[in-house]
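Quick mapping for you: the protein sequence lines, in order, are chains A and B.
Residues 121 to 208 (this note's numbering) make up the first sequence, in order.
Residues 308 to 1160 (this note's numbering) make up the second sequence, in order.
For glycine and all other residues, C-beta sits at the position ideal for the given N, C-alpha and C.
Being a predicted model, the structure only gives us computed values, none of them experimental.
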Amino acid sequence: MGASLLPILFFTFLWGIVGIVLPIFVPKGTNRGILQVMLILTAFTCWLFWLCCYMAQMNPLIGPKLSKNTILMMAREWSQVQFDSTVE
Amino acid sequence: MGSLFRSEEMTLCQLFLQSEAAYACVSELGELGLVQFRDLNPDVNAFQRKFVNEVRRCDEMERKLRYLEKEIKKDGIPMLDTGENPEAPQPREMIDLEATFEKLENELREVNQNAETLKRNFLELTELKHILRKTQVFFDEAEHGGVVSQMADPSREEEQVTLLGEEGLRAGGQALKLGFVAGVILRERIPAFERMLWRACRGNVFLRQAEIESPLEDPSTGDQVFKSVFIIFFQGDQLKTRVKKICEGFRATLYPCPEAPADRREMAMGVMTRIEDLNTVLGQTQDHRHRVLVAAAKNIKNWFVKVRKIKAIYHTLNLFNLDVTQKCLIAECWVPVLDIETIQLALRRGTERSGSSVPPILNRMATFEDPPTYNRTNKFTKGFQALIDAYGVASYREMNPSPYTIITFPFLFAVMFGDTGHGLLMFLFGGWMVLKEKPLAAKKSDNEIWNIFFGGRYIIFLMGLFSMYTGLIYNDIFSKSLNIFGSYWKISYNFSTINTNKDLQLDPSDKEMYLQIPYPLGMDPVWQLAENKIIFLNSYKMKISIIFGVIHMLFGVIIGLWNHMYFRRRPNIIYEFIPQIIFLVFLFLYLVLLMFIKWIKYGPDSDGTDPAHGPFCAPSVLITFINMVLFKSEAESKEPVVEKVCSPWMYAGQNGFQSLLVVIAVLCIPWMLFGKPVSMMYNRKKQHYQLNNHGTENGDVEGGVDAIQPASGIPQGGHKEEEEDMSEVFIHQGIHTIEYVLGSVSHTASYLRLWALSLAHAQLSEVLWNMVMRSGLTQEGWAGGIILWAVFAFWATLTVGILVLMEGLSAFLHTLRLHWVEFQSKFYAGLGYGFQPFSFEIILDAAQSTTED
């Protein structure tokens, strides 16, 4: 299964802080409840949104279909592969 | 807890005010703005109420102030708006105010009247001046051309020259002598006038006319009008009367015009000196008027506030009852329970101010009426509450959806609007409005569209913020991607493979091409470049739409549980909430679960060891779900299984488990349909045995009311409901059940709009980039720079106009629908009525906005 632990832990931890830890430290006052709800909902929605995107790519059933030019550009810019273009 | 989750607890109060203190107390309450008075004399005609006289006086004062304001505006004098808020003056000060306004109004009217008379004089003199000047030309021509051979006039008298306004015509005379009249007429009437003269006099008169170049001011309306001088020659008395009648009919003003050149010159001199005199007088009058208005302009806003406050107080006092002794006024009002202390304090202040010795009495009253719904909002929550109230004001003490809407609304919007670039634009606009809040609010614009944007500034701000996040996940910035971590897809083809194929599809199971772990944040940038991008994104976006939709709906149903618990509606929990949640979880949350299972269990078969979970064997979630509901197992379905290794099931025992889920979910329908009515029938039967009605289970009697009335005993509210017709309960429950069951299906599908709009938005911005921006970027040379500049302007305009504004509006409306229909239908009744406190602030704002229209 193609998942890497690090990003999952990192983002879960990040949104966990927002959604679980921060609500505890909201200052007392009339708006405490609202702020807590806001933080929890933000953290939950954003985390789930990230997670869905991550999981959708976790086990790709199809690969990207790329045109010749794009492949050449990707090879040059992203993979630093040099093709000798004079060779036919 | 004074927060937004439920509306404030309200109580009905009775207020006894001493007659003398009533005015001051009500004034204090108006400043506070926390009390809603009820009309205690609804049958009394508005003209028969106690303080009609005072209200009328206020109306009169307001009228005078409006007159003053109009005059001030006419002169373009700036009105000083210090923004100060004077307290309502004492009733005895009203007389002073009235006197001041009366004096000002009279002075102004007098000045205006004088000015008008002076102006009329001035106009006449100017016209006369022009006549003298123009006719001179005519006479000169006549002398040279010899048209008028004889114009003797024996009856000419010296005194006629100076009589203005009178007809200075000669009496006419002998057959041979020509008479003439001179006057001034509006320029546009000349053609008709000429035709009329010709026809009526059969061509026997001679008309000359000349235009006055400079426009003249009409004293009654103040408009600038163009006029012409005319002179008519004729012969004989009969014609003279006819000509004069025609002049009268055309509203021409006739002026005396002496015939002898010397007299004319003398008269012109006289006219000039008089014009000069008049000018000085007119200047002085204008100065005086200006002084009066400037003095008034300093105070006028202040006076408006005072008068409107007095009027509001007397209007409120008209709602009160007089007690028998006439010494006391009795009022009834809705009051937030938390603010009773503050109100008591305000009343005490009012009593002290009026010098009355008897303190006012505020009594809580018991009532069965539904109290008004009062949500205490601040500038941040106000916009969100307005979105909810636009659908319907919450019933009293019902769960208020707005605290959750604050986040879910911008989030669902952002799912549709996901683009970091467009989100940033929106975020900056919202942020600017939030930062410049105070100066912008002080401007008080009349522009309706701007006011809508400004009122929703926090909504726009959050929508922008969330759109930036979802855009980051979609990896879309103006339809381009960021490559922060470097794509996890690699190119490992050799050159000849690339060169011989038009396009190639990377293989996810090849470790050379795919790193076997996903891109850590959002979409891999490679998808932006892929030709099969939409196929991949559609499957992803459809899934998240359903996932978030089902969770949103479940959340709504759970909020319903809190409502049932708060109002102690036990049967509603057992016969509505539980079957509802089972139905939703067993069918639709299971669908969501299937999606996650598919994501986890099926993938690229990189080792070649597990083809059953390879890309070719992954079953469609949708088909699986449809088969599940129809109780169709894969063996019956017509589709031939490609390879024997593939199994239609994602896990062992799926078929049986799914059938069980569907059976239980379907059983929930009769549970919802008959549970509550049958239990009510059962309870009623039981009550026939025991006479005391202790089991009023469906009592809408709120706990809040119980708490308010300490001694009046248990309310007998449940009694009436017993007589409620049983069939009505069945029908109601039937409608409710059908609505929920069909709703769950259609609402789940409705959330697919998240996918549809998101797809449309992404495609539109990509098309815009490819069609417009790309053509600019591909230009070369220095001319390319200029073309790019123009192309960028075009692209930027379209981006803001179509993608941010129009698409933003469309996504906003769809989000609004998702909240109103799909979310709130699960728990929200919205049958309440809003709390409308007696508040000077609201009254003054309303008055100001109506006058500014």
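- The straight-line gap separating the alpha-carbon atoms of residue 704 (chain B) and residue 315 (chain B) is approximately 7 angstroms.
- Annotation for residue 769 (chain B): 717 place their beta carbon closer than 6 angstroms to its own, counting only its chain and skipping 5 residues before and after.
- Of all residues in the region 948-967 of chain B, none places a beta-carbon less than 9 angstroms from a beta-carbon of chain A.
- Of the candidates B:883, B:1131, B:1152, the residue whose Cα lies closest to the Cα of residue 1042 (chain B) is B:883.
- For residue 668 (chain B), the three-state secondary structure derived from DSSP is strand.
- Three or more beta-carbon pairs separated by less than 8 angstroms are not found between the region 781-788 of chain B and the region 178-185 of chain A, which leaves the two stretches without contact.
- Counting along the chain, no alpha helix (DSSP H) covers residue 683 (chain B), and no H or E run does either.
- In summary, the residues of the region 916-934 of chain B whose CB is separated from some CB of chain A by less than 7 angstroms are 922, 925, in the order they occur in the chain.
- Judged by their CB atoms, residue 517 (chain B) and residue 444 (chain B) are nearer to each other than the 8 angstroms cut-off.
- Taking a C-beta distance under 8 angstroms as the contact criterion, residue 617 (chain B) and residue 396 (chain B) qualify as a contact pair.
- Taken atom to atom, the span from the alpha-carbon of residue 800 (chain B) to that of residue 191 (chain A) is near 9 angstroms.
- Across the set B:1108, B:966, B:927, B:914, the C-alpha of B:966 shows the shortest separation from the C-alpha of residue 937 (chain B).
- The beta carbon of residue 146 (chain A) is closer than 6 angstroms to those of 152, 155, 156 in its chain, skipping five residues each way along the sequence.
- In this structure, the beta-carbon distance from residue 863 (chain B) to residue 1130 (chain B) falls below 8 angstroms.
- Beta bridge pairing from DSSP links residue 706 (chain B) with B:313.
- For a Cβ distance threshold of 7 angstroms, residue set 711, 714, 715 of chain B lies close to residue 161 (chain A), ordered along the chain.
- Contact check for residue 343 (chain B) against residue 1145 (chain B) passes: the beta carbons are separated by less than 8 angstroms.
- Of the residues B:557, B:738, B:846, the one whose Cα lies closest to the Cα of residue 502 (chain B) is B:557.
- Residue 641 (chain B) and residue 317 (chain B) do touch by the CB rule: their CB atoms are close to 5 angstroms apart, below 8 angstroms.
- By a beta-carbon distance limit of 8 angstroms, residue 1065 (chain B) contacts residue 723 (chain B). Their separation comes to about 5 angstroms.
- If you keep only unbroken beta strand (DSSP E) runs of at least 3 residues inside the region 329-392 of chain B, you get nothing at all.
- Counted as a single uninterrupted DSSP element, the alpha helix (DSSP H) harbouring residue 1047 (chain B) occupies residues 1033-1057.
- Against residue 181 (chain A), the close residues of chain B are 815, 909, 910, 911, 922, 925, in the order they occur along the chain (beta-carbon pairs closer than 8 angstroms).
- Cβ proximity to chain B below 7 angstroms picks out 150, 151, 153, 154, 157, 158, 161, 162, 165, 166, 169, 170, 172, 173, 174, 175, 176 from the region 143-176 of chain A.
- In the DSSP assignment, the residues bridged to residue 532 (chain B) are B:523.
- Among the bridge pairs identified by DSSP, residue 517 (chain B) is matched with B:536.
- Its Cα nearest to that of residue 1102 (chain B), the residue B:1082 stands out among B:1090, B:1082, B:1120.
- In this structure, residue 921 (chain B) sits away from residue 914 (chain B), with a CB-CB distance that is not shorter than 8 angstroms.
- Residue 958 (chain B) sits in coil when the DSSP states are folded into three classes, being neither helix nor strand.
- The three-state secondary structure of residue 562 (chain B), taken from DSSP, is strand.
- When 7 angstroms is used as the limit between beta carbons, residue 1084 (chain B) is near no residue of chain A, the shortest such separation being about 15 angstroms.
- At a Cβ-Cβ threshold of 8 angstroms, residue 928 (chain B) and residue 896 (chain B) do not count as neighbours.
- At the C-beta level, residue 890 (chain B) and residue 975 (chain B) come within 8 angstroms of one another.
- By alpha-carbon distance to residue 646 (chain B), the top candidate from B:746, B:578, B:537, B:320 is B:320.
- By the 16-neighbour rule on beta-carbons within 10 angstroms, residue 170 (chain A) is buried.
- Around the beta-carbon of residue 337 (chain B), 16 or more other beta-carbon atoms lie within 10 Å, marking it buried.
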